[in-house]
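**Q** Below you will find the structure I want to go over with you.
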Amino acid sequence: VVAYTGDDEKGEYIYKFVSRDRYRRDRSPHSRRHNKALLSAGTLYVGKFTGDGTADGLHDGTGTWIPLTSDRKSYVPGMSVAEVLIHTRVAADKVGPTKMDRPEDVEVNLVNGRVYAALTNNSARTPAQVDEANPRANNKHGQVVEITDDHGGTTFGWNLLLVCGDPAEADSYFGGFDKSK
919 VVAYTGDDEK
929 GEYIYKFVSR
939 DRYRRDRSPH
949 SRRHNKALLS
959 AGTLYVGKFT
969 GDGTADGLHD
979 GTGTWIPLTS
989 DRKSYVPGMS
999 VAEVLIHTRV
1009 AADKVGPTKM
1019 DRPEDVEVNL
1029 VNGRVYAALT
1039 NNSARTPAQV
1049 DEANPRANNK
1059 HGQVVEITDD
1069 HGGTTFGWNL
1079 LLVCGDPAEA
1089 DSYFGGFDKS
1099 K
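All residue numbers for the sequence shown refer to my numbering, where the first residue is 919 and numbers rise by one.
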C-alpha cells in the first residue's frame, strides 16, 4: 500500500509512505486485521523535485523520494525513528527535499495511476526561492503538480499541470493549452 500526503504549510513538503506488507483482498477476519495494520510498518519518504529547465516551455522534471524512516530504522543522521515521526518537518529539512507552496491535497487518479497534488499558495516565497516546481514568487494562486510514480520506487517524473490565476497574467499556465480560449 502506498499513501501520499502533503504538509499544508508554506515551504513544506510532499510525502509518500510505502507499507512493508501488501493489501489482502479477501474479507476474512485474518485479512481484515492484517489490512488494518498496513500503516504500521513501512518507509516514509519526502519528495525532491528537480526541474529540467523551462527552455522547452514546460514546467517539468524528475524527482527522488528521499527516505526518512522505516518502522525500525531512521535514515536521518542524528535522529531516532521516534524523533523523525514526531518532528517530521525538522527531519525533512535535514535531507534536502523541495520546499513546496502549501501542498494541501494529494490524490492518486485511479484511472491512470498518476498522483495529483494541489499546492494552494505561498505569498512568502521570494524570487530567490523560485524553482521550476514552484515558479512564482509571492504565489497567491497556487498550482497543481502531476506526478508519474511507480508507487513503490524511489524516483518519479513530474510536471506542473496548472499554474493557477488569471489567464491574462503571463505567469499562469494551463498544461500547455491556449490560455486565450
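Quick reminder that beta carbons are idealized off the backbone N, C-alpha and C, glycines included. Just so we're clear, the structure is a prediction, and the values are computed from it rather than from any experiment.
1) According to DSSP, simplified to helix, strand and coil, what is LYS1058?
2) CB GLY924 to CB ALA1010, shorter than 9 Å?
3) Going by DSSP, name the residue or residues bridged to THR923.
4) Measure the CB-CB distance between LYS934 and TYR963 and report whether it falls below 9 Å.
5) Give me whichever residues DSSP pairs with VAL1029 in a beta bridge.
6) In whole angstroms, what is the alpha-carbon distance linking ARG942 and GLY981?
7) Which value, in whole angstroms, describes the spacing of the CA atoms of TYR993 and ILE984?
8) Any idea if ALA1051 is buried or exposed, counting beta-carbon neighbours within 10 angstroms, 16 or more meaning buried?
9) Straight-line CA distance for VAL919 to THR1072?
**A** Let me spell this out:
1) Reduced to three states, the DSSP call for LYS1058 is coil.
2) Cβ distance not < 9 Å, so GLY924 and ALA1010 don't count as in contact.
3) In the DSSP assignment, THR923 forms a beta bridge with TYR933.
4) Between LYS934 and TYR963, the C-beta spacing is below 9 Å.
5) VAL1029 pairs with nothing; no bridge assigned.
6) The straight-line gap from Cα to Cα measures roughly 30 Å.
7) Straight across, the Cα-Cα distance linking TYR993 with ILE984 is about 9 Å.
8) The residue in question, ALA1051, is buried, as its Cβ has 16 or more Cβ neighbours within 10 Å.
9) Straight-line Cα distance between these residues: approximately 15 Å.
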